[in-house]
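Quick note: to get the numbering used here, add 59 to the position in the sequence shown (first position is 1).
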Amino acid sequence: KVRKQSMFGDEDYYAPIKAGSIDGTDSIPHDHGIIRALQAHYDPSKDTEIRGDPKRTLFLAGLNYSTTEQSLHETFSKYGRLRRKKIVRDIVTGASKGYAFVEYEDERDFRDAYKATNHLIIDGRQIMVDYERERLQVGWVPRRLGGGVGGRKESGQLRFGGRHRPFKRPIMLRGVPWNGFNKDLHRRGNSRNQTDKEE
């Protein structure tokens with residue numbers, strides 16, 4: 060039986076420690092945010108503000124704070140009929156938080172927009188477009204709880220594995236091909252352990 064390709068490739072499950080690693084190989088948390096993410100119990104089904112079909116919903120980040128729902132409609136309706144568009148705003152001031160959700164009527168239009176709109180310029184800002192991970196990726200933890208993907212360098216808490224900041228290959232050892240990297244480290248570790256036992 061052929062396994063259906065996930066929206067997230069091999070990243071079906073969100074792992075905070077892995078997301079905090081530039082090459083996805085860390086085994087211990089390196090910042091306090093990751094520790095918070097590991098301890099978090101996030102359940103998006105309990106958030107009454109989350110609506111619509113996640114398999115037809117785009118997540119938009121990096122928006123200009125002056126961007127409006129009308130601006131989003133003008134841009135994203137070019138790819139198909141929209142069911143919903145929502146800019147996330149501060150509950151007290153009503154000011155935009157710089158990210159939004161756009162839901163399409165048709166899944167094909169949603170996929171076309173996903174492919175075509177990442178890094179688009181809207182109101183002078185280059186935006187990042189991704190799937191709505193919180194209801195699609197198992198174990199997802201949002202940025203406010205120490206998880207997420209992306210982020211700014213100034214924060215010191217970048218998260219990798221997303222469309223904006225994909226994992227990078229580990230630093231290559233001379234003469235060791237990428238597909239043999241982990242096997243080589245494993246072999247060295249076993250050899251060292253054997254030497255210790257003999258001594």
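Heads up, the beta-carbon is just placed ideally off N, CA and C, and yes, glycines get one too.
Nearest neighbour of D90 by Cα position, chosen from E166, G209, G205, T126, turns out to be G205. Note on geometry: alpha-carbon atoms of I109 and W199 lie some 14 Å from one another.
Distance from the CA of P113 to the CA of P75, rounded to the nearest whole angstrom, comes to 21 Å. In this structure, the alpha-carbon of D71 lies about 32 Å from that of Y124. Between G220 and A78, the CB-CB gap stays under 7 Å. Under the DSSP assignment, K114 falls outside any alpha helix (DSSP H); it carries neither an H nor an E label. Separation of T176 and R184 (C-alpha to C-alpha, rounded to the nearest whole angstrom) is 13 Å. For G92, the enclosing alpha helix (DSSP H) starts and ends at 91–98. Per DSSP, reduced to three states, the secondary structure at K227 is coil, with no helix or strand assignment.
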